[in-house]
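Numbering (full-length UniProt numbering), first residue to last: 1 to 308.
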């Protein structure tokens, strides 16, 4: 047995052992080839590089989506005229498909029989002149019912979408650009109507309150005020004269009572003249039921008049 070569991998775990090639790790595969092993059949120096070789340019084949509606019910006739003969089984020396069948055929006795409506135009013949082809170009019977699912799909596919209103290229070129939307004007109008309605309610409420006040609280007429003031002054003058003419000595009980009454009348007249001697006088009814609120209403009316 020949002495094996020293391995190129780690033999740390075999340290101290005699290396005779019996270890399984000696037979470890140290190289490999990815892909098909071609041996010497290809020279790497002359191998085809990227961009090399013969280029074959093939024009792209256009594909159009052609959609046709499924037939509802058709009854084909006999084979029509094809190219240069009257057969419909693909034997076509002219290369053209058969025409539409007329729905008739000739029976064994030579009589022309009508078996259906006119057939559709046959497809172009693709076979040789002997008719060896699996695509017959003839008008044949087509007996079937309408496929509503397929028909609806075709109908929807062929529908033309509704045309939208033409929009400008830029949004800033719109006619309504920079203007308030229509709904804002509508909302503003609704708000104004609501505010006007609330104002009308408040105005009616205030008018009703004024009508009630007018029955219990009112402003004294200027002419009536002046007339009443003059009468009070005349009365005050008379009472003052009578009071001043009374003797001061030797008062009897009757004279003392008279003096007290005159003093009270003069004091009341002074107070009344003082109240009437103003620009505006507000009068209210002082009854047990409405006395409090009528007094407050009169005071409020006086303050409003003074603030003007």
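The beta carbon of each residue, even a glycine, is placed where N, CA and C say it ideally should be.
Beta-carbon proximity of residue i to residue j, cut-off 7 angstroms
i, j, result
"residue 232", "residue 273", "yes"
"residue 316", "residue 243", "With the chain running from 1 to 308 in the structure shown, residue 316 is simply not present."
Minimum Cβ-Cβ distance from residue i to chain C less than 7 angstroms
i, result
"residue 225", "Included in the structure is just one protein chain, with no chain C present."
Cβ neighbours of residue i in the same chain (closer than 8 angstroms, five flanking residues each side left out)
i, result
"residue 298", "217, 282, 283 and 284"
"residue 258", "246"
"residue 313", "Absent from the model: residue 313. The displayed extent of the chain is 1 to 308, so no value can be given."
"residue 183", "none"
"residue 196", "none"
"residue 234", "none"
"residue 207", "none"
Reference residue i, options the options, closest by Cα
i, options, result
"residue 237", "277, 266 and 255", "266"
"residue 305", "280, 291 and 255", "280"
"residue 224", "192, 278 and 308", "278"
"residue 302", "149, 219 and 241", "219"
"residue 210", "256, 294 and 185", "294"
"residue 287", "183, 215 and 253", "215"
Residue(s) in a DSSP beta bridge with residue i
i, result
"residue 283", "218"
Sequence-distant residues of the same chain with beta carbon closer than 6 angstroms to residue i, five excluded per side
i, result
"residue 226", "none"
Distance cut-off 6 angstroms: residue i Cβ against heavy atoms of the ligand MN
i, result
"residue 283", "The ligand MN is not part of the structure shown, which contains no ligands of any sort."
Own chain residues within Cβ distance below 7 angstroms of residue i, not counting five before or after
i, result
"residue 213", "297"
"residue 193", "none"
"residue 56", "Confidence in residue 56 is poor, its pLDDT being 48 and thus under 50, which makes the residue's placement unreliable; the coordinate value appears in the next sentence. Closer than 7 angstroms at Cβ, skipping near neighbours: no residue."
> Can we say the segment 259 to 278 touches the segment 193 to 209, given the rule of at least three CB pairs closer than 8 angstroms?
Replying inline: no
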